[in-house]
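Written out below as structure tokens is the structure these notes cover.
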Amino acid sequence: MNKSQLLQQDREHLLHPFTDFHDLGKQGTRVITNADGAYITDIDGHRMLDGMSGLWCCNLGYSRTEIADAIYEQLKTLPFYNSFFQCTTIPSIELADALSEVTPEGMNNVFFTGSGSEANDTNLRIIRRYWDLKEQPNKRIVISRTNAYHGSTIGGASLGGMSGMHKQFQALDYITHIQQPYWFGEGGDMSPEEFGVQAARSLDEKIQELGPDNVAAFIAEPIQGAGGVIIPPETYWPEVKKVLAKYDILLVMDEVIFGFGRTGEWFGSDYYGLKPDLMTFAKAVTNGYFPLGGTMVSDRVAEVIKAKGGEFTHGYTYSAHPAACMAGLATLNVLRNDKIIDNVRETTGPYLAKRWAELGDHPIVGEARSLGMVGALELVKDKGSRARFDDKCTAGGVCRDMSIKNGLVMRATGDTMIIAPPLIITTEQVDELVEKAHRALDDTA
Ligand code: PLP
């Protein structure tokens, strides 16, 4: 089938997620046909360095045949069975055990789902069950943050704090939002350190306003990912930790993006020294090769749920799909055997930090920040006043198109350009990424 036929069928039949169908109808779409290592290629043969690891998924890149083989072998042996009704499968047991080893201390239980959104819905169910069994049924409210992304199901999207999404459905009424720790955008005259403390105190104020006995949990990503790679000031997490401990409120860390090495530690929680009660994962757990998500449940929470008896009336047909679990096991093996995370922490992460920071000198960049294998560029019309381009989306959108033209995939969130390249990227490829990003900025300016 030729390209124009494919594009016509795409227009006629495929409803793309997070897409303005009207714009897509006018512009058409890029058909990605193949990929290798850290690169993707479209139907026209245009090869691009994938600065987004797919959708924050392919941390090990696109050429991991050992993961593909593990999936194929499992599909031939036992293509499907679930862990409902007193049954289980060997891959699901082995992956649960392996995850207990690599996740923070005290997280020794896993509930598998098919995606990150489902896992956050599962979190809402576990949180309620936990406080009910603890005979504190008033603890109902879950606090999240503005501009957060926690998924697209009703539960996930209610936890999310993106106003554009909230306008299109009715959010759950027991979820509320506080300020995000976005110093560049909201810090005003404060130093990052002062602002970090203030943003954490907004959690304390919200808890006091709602009444601590009514608050069940606080959910956050270690670093706000889809919201624009918002790296909190150093003072933020230590202060949040104190607030949650003071009021006995569960901490849910959403590690869908930062899990499995992106910060140079196994999890963002490790990077910030946090001990979550629940921890959402998805995406890179299978290197994106097979859908799988889940939530790690701490012993503190699991012991209550396990000890009290009574059925936990929740689960998905594809919870712990055996082929997905084999993909997860193969992914963990590569991460460990090839010392991928050590390499990010010791070599490629610091190198990216140094090279990425150079982009901060560009006339339309107000801030260039990075940590491990993520980075962001704040696009501004005027560096001094931090004034944005007139049309918020156009600025980022233009830069995204320019980066594609220059052979690099970057993502635009408003006026922030973000990257999350595969963890296997080499220092030479970091140079290539920075040079291409520079050209995209020149073409945007
Ligand atoms: N949580 C976070 C932090 C995410 O970034 C995402 C997806 O990007 C999700 C949850 C939802 O995951 P999924 O798209 O697998 O449902």
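The sequence shown finishes on residue 503 if you use the numbering used here, and the numbering steps up by one all the way, no holes. Positions of the beta carbon are idealized from the N, C-alpha and C atoms, including for glycine. Nothing here was measured: the structure is a model prediction, and the numbers come from that model.
Heavy atom of the ligand PLP within 6 angstroms of residue 347 beta-carbon: By one-based count along the sequence shown, residue 347 stands at place 289. Outside the cutoff, so no.
Buried or exposed (CB count within 10 angstroms, at least 16 for buried), residue 142: Against the sequence shown, residue 142 aligns to sequence position 84. Residue 142 should be labelled exposed.
Can you find a heavy atom of the ligand PLP that lies under 6 angstroms from the Cβ of residue 312? Counting from one through the sequence shown, the residue named residue 312 turns up at place 254. Within the cutoff, so yes.
Less than 6 angstroms separating the Cβ of residue 340 from some heavy atom of the ligand PLP? Here residue 340 is taken as the residue at index 282 of the sequence shown, counted from 1. Yes, the Cβ of residue 340 comes within 6 angstroms of a heavy atom of the ligand PLP.
For the ligand MG, is there any heavy atom lying closer than 6 angstroms to the beta carbon of residue 430? The ligand MG is not among the ligands present in this structure, which contains only the ligand PLP.
Would you tell me roughly how many angstroms separate the C-alpha atoms of residue 180 and residue 61, rounded to the nearest one? Here residue 180 refers to the residue found at position 122 when the sequence shown is read from its first residue. Here residue 61 refers to the residue found at position 3 when the sequence shown is read from its first residue. The alpha-carbon atoms of residue 180 and residue 61 are separated by roughly 41 angstroms.
Quick one: grab the DSSP three-state call for residue 339. The residue labelled residue 339 in the question sits at position 281 within the sequence shown. Looking at residue 339 - three-state DSSP - the assignment turns out to be strand.
Would you mind listing the alpha helix (DSSP H) stretches within the region 76-109 that are 4+ residues and don't spill past its ends, in chain order? 79-85
Is residue 173 close to the ligand PLP? I mean its beta-carbon at under 6 angstroms from any heavy atom of the ligand. Locating residue 173 in the sequence shown gives position 115, where the first residue counts as 1. Residue 173 Cβ: within cutoff of the ligand PLP.
Using CA coordinates, which residue listed in 314, 213, 315, 204 is at the minimum distance from residue 260? Within the sequence shown, numbered from 1, the residue matching residue 260 stands at position 202. If we check each option's Cα against that of residue 260, 204 comes out closest.
Check whether the Cβ of residue 112 lies closer than 6 angstroms to any heavy atom of the ligand PLP, and answer yes or no. Residue 112 sits at position 54 when you count from the first residue of the sequence shown. For the ligand PLP, not one heavy atom lies less than 6 angstroms from the Cβ of residue 112.
Under 8 angstroms: do the region 345-362 and the region 184-198 share three or more Cβ pairs, one atom per stretch? yes
Going by the beta-carbon positions, is the gap between residue 280 and residue 316 smaller than 7 angstroms? Looking up residue 280 in the sequence shown gives position 222. Looking up residue 316 in the sequence shown gives position 258. Yes, these two residues count as a Cβ contact at 7 angstroms.
From the DSSP secondary-structure annotation, give me the bridge partner or partners of residue 165. For the purposes of this step, residue 165 is taken as the residue at position 107 of the sequence shown. DSSP output for residue 165 lists 356 as bridge partner(s).
Any beta-carbon of chain C closer than 7 angstroms to the one on residue 180? Judged by its chain identifiers, the structure shown contains no chain C, having just a single protein chain.
Could you tell me if the beta carbon of residue 207 falls within a distance shorter than 6 angstroms of some heavy atom in the ligand PLP? Here residue 207 is taken as the residue at index 149 of the sequence shown, counted from 1. Flag set: Cβ of residue 207 near the ligand PLP.
Can residue 315 be considered in contact with the ligand PLP, in the sense that its beta carbon sits closer than 6 angstroms to one or more heavy atoms? As a first step, residue 315 is located in the sequence shown; it is residue number 257 there, counting from the start. At least one heavy atom of the ligand PLP is nearer than 6 angstroms to the Cβ of residue 315, so yes.
Considering only their Cβ atoms, is the gap separating residue 149 from residue 291 smaller than 7 angstroms? Counted from its first residue, the sequence shown places residue 291 at position 233. Counted from its first residue, the sequence shown places residue 149 at position 91. Not closer than 7 angstroms, so no.
By DSSP, does residue 331 sit in helix, in strand, or in coil? As a first step, residue 331 must be located in the sequence shown, where it is residue number 273. In this structure, residue 331 counts as coil in the three-state DSSP scheme.
So what does DSSP say about residue 481, is it helix, strand or coil? Working through the sequence shown from its first residue, we reach residue 481 at position 423. Residue state, collapsed to three classes: coil.
What residues are listed by DSSP as bridge partners for residue 282? Stepping through the sequence shown from its first residue, residue 282 is reached at position 224. Its beta-bridge partners are 288.
Spatial neighbours of residue 96 within its chain, please: CB distance less than 8 angstroms, with the 5 preceding and 5 following residues excluded, ordered by chain position. Residue mapping note: residue 96 aligns to position 38 of the sequence shown, counting from 1. Contacts found: 107, 108, 119, 120, 479, 480, 482, 483, 487.
Using only the alpha-carbon positions, how far apart do residue 201 and residue 338 sit? Taking the first residue of the sequence shown as position 1, residue 201 is located at position 143. Taking the first residue of the sequence shown as position 1, residue 338 is located at position 280. Going from the Cα of residue 201 to the Cα of residue 338 covers about 16 angstroms.
Residue nearest to residue 166 in terms of C-alpha spacing, selected from 430, 335, 238: As a working mapping, residue 166 is identified with position 108 in the sequence shown. Nearest of 430, 335, 238 to residue 166, Cα basis: 335.
Just curious, the alpha helix (DSSP H) that residue 444 is in, first and last residue? If you number the sequence shown from 1, residue 444 lands on position 386. Residue 444 -> no alpha helix (DSSP H), and no H or E assigned at all.
Indicate whether residue 387 and residue 191 have their beta-carbon atoms separated by less than 7 angstroms. One-based indexing of the sequence shown puts residue 387 at position 329. One-based indexing of the sequence shown puts residue 191 at position 133. No, Cβ-Cβ distance for residue 387 and residue 191 is not below 7 angstroms.
How far does the beta strand (DSSP E) with residue 396 in it extend, from its first residue to its last? Position 338 of the sequence shown, counting from 1, holds the residue named residue 396. Premise fails: residue 396 is in no beta strand (DSSP E) and is neither H nor E.
Check whether the Cβ atoms of residue 293 and residue 254 lie closer than 7 angstroms to each other. Against the sequence shown, residue 293 aligns to sequence position 235. Against the sequence shown, residue 254 aligns to sequence position 196. Yes.
Any non-hydrogen atom of the ligand PLP closer than 6 angstroms to residue 278 Cβ: Residue numbering aside, residue 278 sits at position 220 when the sequence shown is read from its first letter. No, Cβ of residue 278 sits at least 6 angstroms from all heavy atoms of the ligand PLP.
Give the single residue among 99, 246, 208, 417 whose Cα lies nearest to the Cα of residue 90. Counted from its first residue, the sequence shown places residue 90 at position 32. With distances taken between Cα atoms, residue 90 lies closest to 99.
Looking only at C-alpha atoms, which of 75, 87, 157, 77 sits nearest to residue 63? Here residue 63 refers to the residue found at position 5 of the sequence shown. The residue with the shortest Cα to Cα distance from residue 63 is 87.
Does the distance between the C-beta of residue 284 and the nearest non-hydrogen atom of the ligand PLP fall short of 6 angstroms? Counting from one through the sequence shown, the residue named residue 284 turns up at place 226. Under cutoff, so the answer is yes.
For the region 306-321 and the region 422-431, state whether three or more C-beta atom pairs, one from each stretch, are separated by less than 8 angstroms. yes
Opposing strand residues paired with residue 475 [DSSP bridges]: To locate residue 475, count along the sequence shown from 1; it is residue 417. Residue 475 is bridged to 435, 470.
Where do the ends of the beta strand (DSSP E) carrying residue 311 lie? Counting from 1 along the sequence shown, the entry for residue 311 is found at position 253. Residues 308-312.
Cα separation between residue 457 and residue 112? Here residue 457 refers to the residue found at position 399 when the sequence shown is read from its first residue. Here residue 112 refers to the residue found at position 54 when the sequence shown is read from its first residue. Rounded to the nearest angstrom, the two C-alpha atoms are 18 angstroms apart.
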